[in-house]
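Going down the list, the sequences are from chains A and B. The first sequence maps to residues 1 to 274 in the working numbering. The second sequence maps to residues 275 to 548 in the working numbering.
Number of protein chains: 2
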Amino acid sequence: MKRSVFFISDGTGITAETLGHSLLAQFESIEFDEVTLPYIDSVEKASEVVMEINRAADADGVRPIIIDTIVDKSIREVIAGANGYMMDVFDTFVGKLQAELCSNPVNAVGKSHSIANNKTYNIRIDAVHFALDNDDGARTKHYDKADLILVGVSRSGKTPTSLYMALQFGVYVGNYPLTEDDFDDLRLPAALREYKSKLFGLTIDPVRLSAIRNERRPNSPYAALSQCQKEVRAVEAMFNREGVPFIQTTHASVEEISTRIMSQVGIKRRSLQP
Amino acid sequence: MKRSVFFISDGTGITAETLGHSLLAQFESIEFDEVTLPYIDSVEKASEVVMEINRAADADGVRPIIIDTIVDKSIREVIAGANGYMMDVFDTFVGKLQAELCSNPVNAVGKSHSIANNKTYNIRIDAVHFALDNDDGARTKHYDKADLILVGVSRSGKTPTSLYMALQFGVYVGNYPLTEDDFDDLRLPAALREYKSKLFGLTIDPVRLSAIRNERRPNSPYAALSQCQKEVRAVEAMFNREGVPFIQTTHASVEEISTRIMSQVGIKRRSLQP
Numbered sequence: 001m002k003r004s005v006f007f008i009s010d011g012t013g014i015t016a017e018t019l020g021h022s023l024l025a026q027f028e029s030i031e032f033d034e035v036t037l038p039y040i041d042s043v044e045k046a047s048e049v050v051m052e053i054n055r056a057a058d059a060d061g062v063r064p065i066i067i068d069t070i071v072d073k074s075i076r077e078v079i080a081g082a083n084g085y086m087m088d089v090f091d092t093f094v095g096k097l098q099a100e101l102c103s104n105p106v107n108a109v110g111k112s113h114s115i116a117n118n119k120t121y122n123i124r125i126d127a128v129h130f131a132l133d134n135d136d137g138a139r140t141k142h143y144d145k146a147d148l149i150l151v152g153v154s155r156s157g158k159t160p161t162s163l164y165m166a167l168q169f170g171v172y173v174g175n176y177p178l179t180e181d182d183f184d185d186l187r188l189p190a191a192l193r194e195y196k197s198k199l200f201g202l203t204i205d206p207v208r209l210s211a212i213r214n215e216r217r218p219n220s221p222y223a224a225l226s227q228c229q230k231e232v233r234a235v236e237a238m239f240n241r242e243g244v245p246f247i248q249t250t251h252a253s254v255e256e257i258s259t260r261i262m263s264q265v266g267i268k269r270r271s272l273q274p
Numbered sequence: 275m276k277r278s279v280f281f282i283s284d285g286t287g288i289t290a291e292t293l294g295h296s297l298l299a300q301f302e303s304i305e306f307d308e309v310t311l312p313y314i315d316s317v318e319k320a321s322e323v324v325m326e327i328n329r330a331a332d333a334d335g336v337r338p339i340i341i342d343t344i345v346d347k348s349i350r351e352v353i354a355g356a357n358g359y360m361m362d363v364f365d366t367f368v369g370k371l372q373a374e375l376c377s378n379p380v381n382a383v384g385k386s387h388s389i390a391n392n393k394t395y396n397i398r399i400d401a402v403h404f405a406l407d408n409d410d411g412a413r414t415k416h417y418d419k420a421d422l423i424l425v426g427v428s429r430s431g432k433t434p435t436s437l438y439m440a441l442q443f444g445v446y447v448g449n450y451p452l453t454e455d456d457f458d459d460l461r462l463p464a465a466l467r468e469y470k471s472k473l474f475g476l477t478i479d480p481v482r483l484s485a486i487r488n489e490r491r492p493n494s495p496y497a498a499l500s501q502c503q504k505e506v507r508a509v510e511a512m513f514n515r516e517g518v519p520f521i522q523t524t525h526a527s528v529e530e531i532s533t534r535i536m537s538q539v540g541i542k543r544r545s546l547q548p
């Protein structure tokens, strides 16, 4: 059975969507049709949303789920008039926090996910540029500034992970690809040796690696399973021999890889959460 | 007054942190000391967390706030024994959803922020590589594949925005820098004309732009306020003349810029939320 779900916010919608998606993931037998509606910041927009929800209710034959983080009470009341099952996040928690903190909420929209201060913003953007400048072993001379250097074979997930960590945590992450030339003696490449304490390895199931490489360069020697097996075996032997911590990326999202590394290495985020 | 806050999860911690940060942002008068503890997936780890919370309670002289998304009940019960004010997200909402959906939760950890399926994963990673390959006007030959092409002066936020949109929404975003050479006749550069419907402009307050550029190249002509004023004036005139929609990035986070563009242009995400 299909069930429509609306994540509604007067801000970016990121909180409503993130929370809502986590909650719904606990109900695997139901097929959800998820719609995020950000910037619903007027009674007029809210009225349109109500019509959209009611249409979905008619089409589905069952009332949609509404998960909202709307701060403005008058807008929230309009949404509450829709034919849906509404779970209001701020209403649920802000009152409790108010009592516990003995402090009044500002009830202002967009307090989260806005630029808290320019310093935090600059750190994140600097970190993104650092990741780009130090991507794929392009340069190694800035490694002294790096918080972390990801190492692994081509297409093991280094670049997306370094960019996610930059954007999300403001940390400076370089990455360096290990290729066949590096595997002869199972020693770290010279450029990496003095930064050994900053290294973190990514590894991946050779079958999955081959599939990923085949999307990029179909039927190439580079994508052949035997090649992928050889590289992965060599890189894991190197990590073990050199004592470089490493993580399997095969079944992990960029979010999981990044948070596991942060947690394992004990790096602190440089930027406050946006 | 300082108040310690713990975001605790047996998964990545992203949901607890995102929600918690949004809620706390409504209480501006209090200084929060926020700690995220992901992967608390055993009774042993939970017991260590309890000790950490109790230490913070002693140090602060007031019990910390605990916001958790722990799925496993036995782990949650350990945390509940800490000297803190606990707001349990799943306990609050999952029961309600269970009744409304007439379906039992799977109570499995890490259902959100894991790779839902390889297709979604591939789309996001492809989108990141697309953003990198089409960054800063490096190539324009793939613009037919782009969902969106961001245009603006140097350091107006194009690259971080295109990467965030790739990672978060799996959309294909190129970006093209507009420089003085492009401003002579206020017409779009030739490379962009046939993709006019995909263009979205970023603009920025010249004072802020000058500050950002000064961090990159201190006291350069490139960073001079007069130069920034000239470029911003020209680019906005071009956007207006050519009918290119644009957005102010001055006080906006990457999240806000991205979600506003998605919402304004009406692009749909290609990837499901991770």
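Ideal Cβ placement from N, Cα and C applies to all residues, glycine included.
Can you tell which of Ala224(A), Thr15(A), Ser103(A) and Ile75(A) has the C-alpha that lies nearest to the C-alpha of Thr533(B)?
Thr15(A)
Excluding sequence positions up to five away, which residues of its chain have a Cβ less than 7 Å from the Cβ of Val206(A)?
In the sequence on display, residue 206(A) carries Pro and not Val. Within the same chain, Pro206(A) has close Cβ partners Leu225, Cys228, Gln229 and Val232.
Can you grab the Cα-Cα spacing for the pair Leu298(B) / Phe6(A), in whole Å?
23 Å
Name the chain A residues whose beta carbon is nearer than 8 Å to that of Arg544(B)?
Residues of chain A passing the Cβ test: none, with the nearest at roughly 14 Å.
Hey, which unbroken runs of the alpha helix (DSSP H) at 4 residues or more fall wholly within the region 454–500 of chain B?
464–467 and 480–490
Any beta carbon of chain B sitting closer than 9 Å to that of Ala57(A)?
no
So, under 8 Å CB-CB, Met87(A) and Ile79(A) are touching, yes? Tell me the CB distance rounded to an integer number of Å.
Not a contact, Cβ separation roughly 11 Å.
With a threshold of 9 Å between beta carbons, is Arg260(A) in contact with chain B?
yes
If distances are taken between C-alpha atoms only, which option among Ser278(B), Met325(B), Val317(B) and Gly335(B) comes closest to Thr310(B)?
Ser278(B)
Mind listing, in chain order, the continuous alpha helix (DSSP H) runs of no fewer than 4 residues lying wholly within the region 359–387 of chain B?
363–375
Name the two residues that bound the continuous alpha helix (DSSP H) containing Gln300(B).
Per DSSP, Gln300(B) lies in no alpha helix (DSSP H) and is assigned neither H nor E.
Interface residues of chain A around Met361(B) at Cβ under 8 Å?
Phe93, Lys96 and Leu97
Could you check where the beta strand (DSSP E) with Asp68(A) kicks off and where it finishes?
Taken as a continuous stretch (DSSP letters only), the beta strand (DSSP E) holding Asp68(A) covers Ile65 to Asp68.
What's the gap between the Cα of Ser156(A) and the Cα of Leu148(A)?
16 Å
Spatial neighbours of Asn408(B) within its chain, please: C-beta separation below 6 Å, excluding the five flanking residues on both sides.
Here the set comprises His416 and Gly448.
Using only alpha-carbon positions, find the residue among Glu52(A), Glu100(A), Arg124(A) and Phe27(A) that is nearest to Arg269(A).
Arg124(A)
When we look at the beta-carbon of Met275(A) and count the other beta-carbons within 10 Å, is it buried (16 or more) or exposed?
Outside the displayed range of chain A (1 to 274) lies residue 275(A), so it cannot be described from this structure.
What number of angstroms, rounded off, separates the C-alpha of Ser283(B) from the C-alpha of Gln248(A)?
21 Å
Would Val380(B) be called buried (16 or more neighbouring beta carbons within 10 Å of its own) or exposed?
For Val380(B), the number of other beta carbons within 10 angstroms of its own is below 16, and it is reported as exposed.
When the Cα of Ile344(B) is compared with those of Val317(B), Ser537(B) and Asp307(B), which residue comes out closest?
Val317(B)
Going by CA-CA distance only, name the one from Asp307(B), Ser303(B) and Ser545(B) that's closest to Gln442(B).
Ser545(B)
Could you check whether the Cβ of Ser74(A) sits closer than 9 Å to any Cβ belonging to chain B?
no
Between Leu452(B) and Met512(B), is the Cβ-Cβ spacing less than 9 Å?
yes
With a cut-off of 8 Å on the beta carbons, I'd call Leu209(A) and Val151(A) a contact; round off their distance for me.
15 Å between Cβ atoms; not a contact.
Can you name the residues of chain A whose CB is closer than 7 Å to the CB of Gly287(B)?
Thr259
If the cut is a Cβ gap below 9 Å, which residues of chain A does Phe301(B) touch?
Val94, Leu97, Gln98, Leu101, Ser103, Asn104, Pro105 and Val106
Closer than 7 Å by beta-carbon distance: list the chain A residues that pair up with Glu489(B), in chain order.
Within 7 Å of the CB of Glu489(B), the CB atoms of chain A belong to Asn122, in sequence order along the chain.
Just verifying my parser: in three-state terms, what is the DSSP assignment at Ile282(B)?
strand
What are the residues that DSSP puts in a beta bridge with Glu510(B)?
According to DSSP, Glu510(B) shares a beta bridge with no other residue.
Quick one: which chain A residues come within Cβ less than 8 Å of Glu326(B)?
Simply none; closest approach about 14 Å.
On the criterion of 16 or more Cβ atoms from any shown chain inside 10 Å, does Asp68(A) qualify as buried, or is it exposed?
buried
Indicate the three-state DSSP secondary structure (helix, strand or coil) for Gly152(A) in the structure shown.
strand
Looking at the C-beta of Gly81(A), does it have a partner C-beta in chain B at a distance below 9 Å?
no
Quick check on Asp136(A): does DSSP put it in helix, strand or coil?
helix
Can you check DSSP and say which residues form a bridge with Glu308(B)?
Residue pairing by DSSP places Glu308(B) opposite Val279(B) in a beta bridge.
What's the call for Gly243(A), buried or exposed, on a 16-neighbour Cβ count within 10 Å?
Exposed is the call here.
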